[in-house]
Structures are given as structure tokens and as C-alpha cells.
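Q: When the letters of the sequence shown are read in order and numbered with this note's numbering, they come out as residues 146 to 321. This is the structure I have questions about; it appears just below.
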Amino acid sequence: MLIKTLIAGFGGQGVLSMGLNLAEAALLEGKNVTYLPAYGAEVRGGTANCTVAISDDEIASPVASSPEFVIAMNQPSALKFQHHIQSGGLFFLNSSLVEAEIIRGDIEIVRVPANRIAEDLGSPKAANMVMLGAFTKKSGVVELSNVTEALKHILSAKKKLLEVNEKALQAGYNLF
146 MLIKTLIAGF GGQGVLSMGL NLAEAALLEG KNVTYLPAYG AEVRGGTANC TVAISDDEIA
206 SPVASSPEFV IAMNQPSALK FQHHIQSGGL FFLNSSLVEA EIIRGDIEIV RVPANRIAED
266 LGSPKAANMV MLGAFTKKSG VVELSNVTEA LKHILSAKKK LLEVNEKALQ AGYNLF
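And the structure:
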């Protein structure tokens, strides 16, 4: 089993953090993982994306030309990566920011109002964790307990952020 996920958005939306959290959760499950971040020179406000490959076997290449899953946190990313996802894949859209109609009929579109939910929780910056929670539930790639454990490790130096991010993760997971 080899599963590739592409996560994309603007720099500052937590796209790379989302990918790192997913990768660490898979490592906790004893899987082989590659994490390939890419971002523009501007970083915050520029484009950012990452590819996470998870497998029971060795991974030959971290590049995902046709991933099973794509998460688009903004409209430019949705438009750019809608043609990359393989037929039958899941396309997660942050419906708070993506208004574009997706023209593919061979994929399942999962709309998650990530920004709205994060704002309702009192932490607009936690939209990435809302999306990661929804992705975790719908994809079944990793267990929520491992995503939470990875989050604790990643935020070990920022304990005050842990509670709101865990709430956001759970809120996204509970959408489905």
C-alpha cells in the first residue's frame, strides 16, 4: 500500500505543519514516510505545498504526480491541483475560501468550512487542524490518536497552542 497526499495553500495557513503532523502520525504507526515541502520565496502569503507519502514498504520517490488525496486550503491551490488527483481520489476543499466549481466528475469532493469552524473555536489560525481532522476521518490513512500524539510532539515547545489545536482537530474529525 502506497498512499500519497498533496496539501496546498498560502504560506502562513499551516500547510507544511499539516503535512508534518500527518507524516509523524504515520511514523507512530510504524509506516514508511516521506515528507516533501515546497514553498515560494515569500513564504507567508506565497504559495506552499507539501507531499506526504505513506507506505508499508519502502518508498521509491516522494514525488506525487497523481496523489490519492489532495487538500486545497485556498482557491488558487484548488484550481491548480484539481487535475493532479488520480481518478477515484478524494479532493478536500476549504470551503471557507474556495468558491470555484471543480470540473472533474471522477473524484469525490469533500468540502470543509475550515476557517469558519476555526473562527467559531476562537482561533482562526487553527483552520489547518480542522482540515487535518476532517482528512483523518474521511481518508482513514492514520488514526486520530496518532495525529493527536504527533501534534503534542510538534507543539511540545508551545504548550499553550496545544489545547486549541486539539479542539480544532476534533471538530474537523467530528464533521463526518
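Positions of the beta carbon are idealized from the N, C-alpha and C atoms, including for glycine. Quick caveat: nothing in here was measured; it's all calculated off a predicted structure.
1) Anyone know if the C-beta pair for residue 238 and residue 255 falls short of 8 Å?
2) Starting from the Cα of residue 244, find the closest Cα among 250, 257 and 303 and give me that residue.
3) Buried or exposed: where does residue 304 fall if 16 or more other Cβ atoms within 10 Å of its Cβ makes it buried?
4) What number of angstroms, rounded off, separates the C-alpha of residue 171 from the C-alpha of residue 291?
5) Quick check: residue 275 and residue 316, are their CB atoms within less than 8 Å of each other?
6) In this structure, does DSSP put residue 280 in helix, strand or coil?
7) With three or more beta-carbon pairs closer than 8 Å as the criterion, would you say the segment 154-162 touches the segment 200-214?
8) If you follow the beta strand (DSSP E) that residue 181 is in, where does it begin and where does it stop?
9) Pick from 248, 252, 314 and 253: whose alpha carbon is nearest that of residue 272?
10) Between which two residues does the beta strand (DSSP E) harbouring residue 236 extend?
A: In short:
1) For the purposes of this step, residue 238 is taken as residue 93 along the sequence shown, with counting starting at 1. For the purposes of this step, residue 255 is taken as residue 110 along the sequence shown, with counting starting at 1. Cβ distance < 8 Å, so residue 238 and residue 255 count as in contact.
2) For the purposes of this step, residue 244 is identified with residue 99 of the sequence shown, where counting begins at 1. In terms of Cα proximity to residue 244, the closest of 250, 257 and 303 is 257.
3) Position 159 of the sequence shown, counted from the first residue, corresponds to residue 304. When all chains shown are included, residue 304 counts as exposed.
4) As a position in the sequence shown, residue 171 is number 26, starting the count at 1. As a position in the sequence shown, residue 291 is number 146, starting the count at 1. Whole-angstrom Cα-Cα distance: 8 Å.
5) Taking the sequence shown and counting its residues from 1, one reaches residue 275 at position 130. Taking the sequence shown and counting its residues from 1, one reaches residue 316 at position 171. Contact flag set, yes.
6) As a working mapping, residue 280 is identified with position 135 in the sequence shown. In the structure shown, residue 280 sits in a helix (DSSP, three-state: H, G or I).
7) Per the Cβ contact rule, the segment 154-162 is not in contact with the segment 200-214 (fewer than 3 Cβ pairs under 8 Å).
8) Here residue 181 refers to the residue found at position 36 when the sequence shown is read from its first residue. Per DSSP, residue 181 belongs to the beta strand (DSSP E) from 177-184.
9) Numbered from 1 along the sequence shown, position 127 holds the residue referred to as residue 272. The residue with the shortest Cα to Cα distance from residue 272 is 314.
10) On the sequence shown, residue 236 is found 91 positions in, with the first residue counted as 1. Per DSSP, residue 236 belongs to the beta strand (DSSP E) from 235-239.
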